[in-house]
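**Q** Sharing a structure here in structure tokens format.
Number of protein chains: 2
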Amino acid sequence: MALMTMRNSKPAGLVTYRSEVLPEWVDYNGHLRDGFYLVIFSYGVDGFMDLIGLDAAGRKALGHSLFTLEAHLNFLHEVKLGARLEVRTQVLGCDAKRVHVGLGLYEEGQDKLLSFCEQMQLNVDMAGPTATTFAPSVAALLQPLALAHAGLEKPKFAGRVIALPQPKVAP
Amino acid sequence: MALMTMRNSKPAGLVTYRSEVLPEWVDYNGHLRDGFYLVIFSYGVDGFMDLIGLDAAGRKALGHSLFTLEAHLNFLHEVKLGARLEVRTQVLGCDAKRVHVGLGLYEEGQDKLLSFCEQMQLNVDMAGPTATTFAPSVAALLQPLALAHAGLEKPKFAGRVIALPQPKVAP
Numbered sequence: 046m047a048l049m050t051m052r053n054s055k056p057a058g059l060v061t062y063r064s065e066v067l068p069e070w071v072d073y074n075g076h077l078r079d080g081f082y083l084v085i086f087s088y089g090v091d092g093f094m095d096l097i098g099l100d101a102a103g104r105k106a107l108g109h110s111l112f113t114l115e116a117h118l119n120f121l122h123e124v125k126l127g128a129r130l131e132v133r134t135q136v137l138g139c140d141a142k143r144v145h146v147g148l149g150l151y152e153e154g155q156d157k158l159l160s161f162c163e164q165m166q167l168n169v170d171m172a173g174p175t176a177t178t179f180a181p182s183v184a185a186l187l188q189p190l191a192l193a194h195a196g197l198e199k200p201k202f203a204g205r206v207i208a209l210p211q212p213k214v215a216p
Numbered sequence: 046m047a048l049m050t051m052r053n054s055k056p057a058g059l060v061t062y063r064s065e066v067l068p069e070w071v072d073y074n075g076h077l078r079d080g081f082y083l084v085i086f087s088y089g090v091d092g093f094m095d096l097i098g099l100d101a102a103g104r105k106a107l108g109h110s111l112f113t114l115e116a117h118l119n120f121l122h123e124v125k126l127g128a129r130l131e132v133r134t135q136v137l138g139c140d141a142k143r144v145h146v147g148l149g150l151y152e153e154g155q156d157k158l159l160s161f162c163e164q165m166q167l168n169v170d171m172a173g174p175t176a177t178t179f180a181p182s183v184a185a186l187l188q189p190l191a192l193a194h195a196g197l198e199k200p201k202f203a204g205r206v207i208a209l210p211q212p213k214v215a216p
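These protein sequence lines map, in sequence, to chains A and B. FYI, the numbering for the first sequence is 46 to 216, going by our numbering. FYI, the numbering for the second sequence is 46 to 216, going by our numbering.
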């Protein structure tokens with residue numbers, strides 16, 4: 046997969062996944078089903094893991110993997126069958142064993158944000174499985190990314206809470 | 046699909062989807078992939094739509110459907126291939142055109158919460174598509190559910206914001 050930094054788009058980020066919308070991802074409204082947005086973002090996190098040494102070979106060598114603790118998605122536009130999509134990934138923060146990522150869904154090369162997903166990922170020793178600090182080789186790849194992305198604009202849809210505009214019990 | 050109220054479990058809710066974990070939902074860690082939790086919750090919302098007159102026949106007759114605006118998921122336990130799961134759905138609130146739902150993932154008949162998902166759903170006139178108020182026939186089914194569920198305990202994982210415990214730029 047070609048990886049590149051999108052310096053001319055907002056939010057910036059690394060392209061970590063590309064795919065066409067497949068027939069099995071489309072619902073009865075003729076749109077990409079909400080659940081499959083997160084499947085696509087999940088593949089985007091796999092692509093991000095490749096960048097920090099947690100690809101299949103790295104996971105095997107280290108006995109580590111990432112587990113998703115939490116995810117938040119905003120669905121901004123409908124996406125139709127056959128659309129060619131890409132996920133752009135930005136590191137929003139990290140500590141010794143967690144990485145907070147922001148993932149934007151776009152049509153390939155376009156600037157219109159279709160969906161935004163924020164995730165907290167935990168580094169896990171699969172022998173337990175138990176939470177553990179990032180391996181030094183992983184931290185050495187993650188740290189420069191986190192530092193580079195710290196200068197990027199914070200995504201508009203990060204940090205949200207779901208709530209009704211004016212909560213009522215009944216319609 | 047059999048629907049029943051789970052009065053003896055927390056959080057209470059209506060069972061709106063049941064399925065075994067399928068091979069194509071499992072990732073390289075041998076667990077249900079994060080994205081497919083949301084696919085399962087999405088089918089749980091379909092089951093909820095059946096309860097409020099927005100099943101396939103209702104959608105066709107009214108020209109209305111629900112669009113997901115926003116979703117937040119907490120992943121609490123790993124789920125393995127072949128596990129028999131159910132989604133329990135609780136109405137957390139609604140207004141004239143939105144419904145806020147809480148969805149719990151459990152093994153069938155068990156009380157251990159495996160994952161929680163909170164969603165904001167918008168009623169849409171598919172002729173636009175444009176946001177529109179619930180049809181009277183839908184509101185007449187939604188209102189009693191919302192009133193009944195207003196008395197249930199608020200789910201522990203509703204209303205969360207994703208954040209690092211102690212944000213740092215570098216690991």
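C-beta: ideal position from N, C-alpha, C; glycine also. Everything numeric in this text was worked out from a predicted model, so none of it was measured.
Quick one: Cα of A/D170 to Cα of A/L96, how far?
**A** For the purposes of this step, residue 170 of chain A is taken as residue 125 along the first sequence, with counting starting at 1. For the purposes of this step, residue 96 of chain A is taken as residue 51 along the first sequence, with counting starting at 1. So the alpha carbons of these two residues sit roughly 19 angstroms apart.
**Q** Residues of chain A with CB under 7 angstroms from B/Y62, in chain order?
**A** Position 17 of the second sequence holds residue 62 of chain B. The premise fails here: B/Y62 is roughly 11 angstroms from chain A at the closest Cβ pair, so nothing lies under 7 angstroms.
**Q** In chain order, which continuous runs of the alpha helix (DSSP H) of length 4 or greater are located wholly inside the segment 49-114 of chain B?
**A** Listed in chain order, the complete alpha helix (DSSP H) runs (minimum 4 residues) inside the segment 49-114 of chain B are 79-96, 101-107.
**Q** Is the shortest distance between the beta-carbon of A/T113 and the beta-carbons of chain B less than 8 angstroms?
**A** Indexing the first sequence from 1 puts residue 113 of chain A at position 68. Output row for A/T113: interface = yes.
**Q** On the DSSP bridge list, what partners appear for A/R129?
**A** To locate residue 129 of chain A, count along the first sequence from 1; it is residue 84. A/R129 is bridged to A/E65.
**Q** To the nearest angstrom, report how far apart B/E153 and B/V146 are at their CA atoms.
**A** Counting from 1 along the second sequence, the entry for residue 153 of chain B is found at position 108. Counting from 1 along the second sequence, the entry for residue 146 of chain B is found at position 101. Approximately 20 angstroms between the Cα atoms of the pair.
**Q** Helix, strand or coil for B/G183, going by three-state DSSP, please let me know.
**A** Taking the second sequence and counting its residues from 1, one reaches residue 183 of chain B at position 138. Before going on, a small fix: residue 183 of chain B reads as Val here, not Gly. In the structure shown, B/V183 sits in a helix (DSSP, three-state: H, G or I).
**Q** Taking 8 angstroms as the limit between beta carbons, can you name the residues of its chain near B/L187, skipping five residues before and five after?
**A** In the second sequence, counting from the first residue as 1, residue 187 of chain B sits at position 142. Cβ neighbours of B/L187 beyond the five flanking positions: I97, V136, C139, V144, F179.
**Q** Excluding the 5 residues preceding and the 5 following A/K201 in the sequence, name in chain order all residues of the same chain whose CB lies nearer than 6 angstroms to its CB.
**A** To locate residue 201 of chain A, count along the first sequence from 1; it is residue 156. Taken in chain order, the list of residues that qualify is empty.
**Q** Less than 8 angstroms between the C-beta atoms of B/F81 and A/V84, yes or no?
**A** What you label residue 81 of chain B is simply residue 36 of the second sequence in a count that begins at 1. What you label residue 84 of chain A is simply residue 39 of the first sequence in a count that begins at 1. In this structure, A/V84 lies closer than 8 angstroms to B/F81 by Cβ.
**Q** Taking only beta-carbon positions, decide if B/H145 is within less than 8 angstroms of chain A.
**A** Along the second sequence, read from residue 1 onward, the residue named residue 145 of chain B stands at position 100. Yes, contact with chain A.
**Q** Using beta carbons (cut-off 8 angstroms, strictly below), is A/M94 in contact with chain B?
**A** As a working mapping, residue 94 of chain A is identified with position 49 in the first sequence. Answer no: the Cβ-Cβ gap between A/M94 and chain B never drops below 8 angstroms.
**Q** Could you check the C-alpha separation between A/V183 and A/A101 for me, to the nearest Å?
**A** Translated into the one-based positions of the first sequence, residue 183 of chain A becomes position 138. Translated into the one-based positions of the first sequence, residue 101 of chain A becomes position 56. Using only the alpha carbons, I get a separation of about 13 angstroms.
**Q** Could you name the residues of chain C that B/G103 contacts, counting a contact when the two beta carbons are closer than 9 angstroms?
**A** As a matter of chain content, chain C is missing from the structure shown, whose protein chains are A and B.
**Q** I want to see whether chain A comes within less than 8 angstroms of B/D170, judged by CB atoms only; does it?
**A** Locating residue 170 of chain B in the second sequence gives position 125, counting from the first residue. Taking Cβ atoms only, chain A never reaches closer than 8 angstroms to B/D170, which makes this a no.
**Q** Below 8 angstroms on the Cβ atoms is my contact criterion, and I expect A/V60 with A/R133 to pass it. Report the Cβ-Cβ distance as a whole number of Å.
**A** By one-based count along the first sequence, residue 60 of chain A stands at place 15. By one-based count along the first sequence, residue 133 of chain A stands at place 88. Contact flag correct, Cβ pair sits at about 6 angstroms.
**Q** Show which residues of chain B have a CB atom less than 8 angstroms away from the CB atom of A/G204.
**A** By one-based count along the first sequence, residue 204 of chain A stands at place 159. Chain B residues near A/G204: V206, I207, A208.
**Q** Short of 8 angstroms Cβ to Cβ, which residues in the segment 151-178 of chain B face chain A?
**A** Hits within the stretch, in order: E163, Q164, M165, M171, P174, T178.
**Q** Does any residue of chain B have a CB that is nearer than 8 angstroms to the CB of A/M46?
**A** Position 1 of the first sequence holds residue 46 of chain A. Because A/M46 sits at a pLDDT of 35, beneath the cut-off of 50, its placement in the model cannot be relied upon, and the point is left open.
**Q** How big is the Cα-Cα spacing for A/L77 and B/F112?
**A** Position 32 of the first sequence holds residue 77 of chain A. Position 67 of the second sequence holds residue 112 of chain B. For A/L77 and B/F112, the distance between alpha carbons rounds to 11 angstroms.
**Q** The beta strand (DSSP E) with A/G149 in it runs from where to where?
**A** For the purposes of this step, residue 149 of chain A is taken as the residue at position 104 of the first sequence. It spans 143-152 - the beta strand (DSSP E) in which A/G149 sits, taken as one unbroken run.
**Q** Specify, as a first and last residue, the run of the beta strand (DSSP E) that A/F161 falls within.
**A** Stepping through the first sequence from its first residue, residue 161 of chain A is reached at position 116. Its beta strand (DSSP E) spans residues 160-170.
**Q** Mind checking B/L148: buried by the 16 CB within 10 Å criterion, or exposed?
**A** The residue given as residue 148 of chain B occupies position 103 in the second sequence. Under this definition B/L148 is a buried residue.
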